[in-house]
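Taking it in order: structure first as structure tokens, then the write-up.
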Amino acid sequence: MQNTVSSPNSASAAGAAAVYRERLSPSLWLLASAAIAAPMVSLVFVRLDPSIALALGAIVAVGVIALLIASSPVVEVRDGMLRAGRARIEVELLGEPAALTGDEAKAARGAGLDPRGWYLVRGGIDPVVVVPVIDPDDPVSSWTISTRTPDRLAAAVVRAQITQRSRGR
């Protein structure tokens, strides 16, 4: 689920508005796989009481699915920062982002992985954005982030970089 918000025109509120926000929620096949826990739990407890077994199965399935959704990381560009999960970096320290899909994204997630890079890669989300880190003091060479809308994320990073540069002058 992504939520792209354009910045308000007022200077005081412009820094507080999210330019880009996306929760990397699990894919439907993963959620459906998690729901298989319901019949398994029900089968374990069916000898005690079928009603209790059915209730426990439903509770476990809902709990597992809720846990998967609640623990999914958020990618956000806001206040001059790129946040991916718990990691964050100022956009001023980043180079030009590259939005990759298809075979390019597959290579960036696989054979093209940079051993000095930082990754937030999620199964079921094929496109990625690769952003080089231009800070000479940072041991990380690039960030590779899974996203369902790579063009929007890359544009949000560029827009935040331009905003930061214009504020610095």
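Note that my numbering gives residue 115 to position 111 of the sequence shown, counting from 1, and the numbers run on in steps of one. By construction, the Cβ of each residue, glycine as well, lies at the ideal position given by its N, Cα and C atoms. Predicted model only: the values in this text are computed from it and were never measured.
Pick from the options: whose alpha carbon is nearest that of residue i?
{"i": "ARG152", "options": "GLU100, LEU124, ARG169 and ILE63", "result": "LEU124"}
{"i": "GLU100", "options": "ILE40, SER145 and LEU35", "result": "SER145"}
{"i": "ALA88", "options": "ALA158, GLN165, ILE149 and ARG171", "result": "ILE149"}
{"i": "LEU104", "options": "TRP147, SER37 and TRP33", "result": "TRP147"}
{"i": "LEU97", "options": "LEU32, ALA159, ASP141 and PRO43", "result": "ASP141"}
{"i": "ALA158", "options": "ASP139, VAL133, PRO143 and ARG92", "result": "VAL133"}
{"i": "PRO131", "options": "ARG90, ALA38 and ALA111", "result": "ALA111"}
{"i": "ARG25", "options": "ALA62, VAL64, VAL161 and PRO119", "result": "VAL161"}
{"i": "ILE63", "options": "LEU34, VAL78, PRO136 and MET44", "result": "MET44"}
{"i": "PRO30", "options": "ALA42, VAL78, GLY106 and VAL95", "result": "VAL78"}
So if DSSP puts residue i in a beta bridge, which residue, or which two residues, is it bridged to?
{"i": "VAL134", "result": "ALA102 and THR148"}
{"i": "LEU86", "result": "VAL81 and ILE93"}
{"i": "LEU124", "result": "ILE149"}
Mind checking residue i: buried by the 16 CB within 10 Å criterion, or exposed?
{"i": "ALA109", "result": "buried"}
{"i": "ILE129", "result": "buried"}
{"i": "SER170", "result": "exposed"}
{"i": "LEU28", "result": "buried"}
{"i": "ASN13", "result": "Legend: pLDDT at ASN13 = 43, less than 50; position of this residue unreliable, value from coordinates given subsequently. So ASN13 counts as exposed."}
{"i": "PRO154", "result": "buried"}
{"i": "ARG126", "result": "buried"}
| said: For the pair the stretch 74-91 and the stretch 47-64, tell me if three or more CB-CB distances fall below 8 Å. | reply: no
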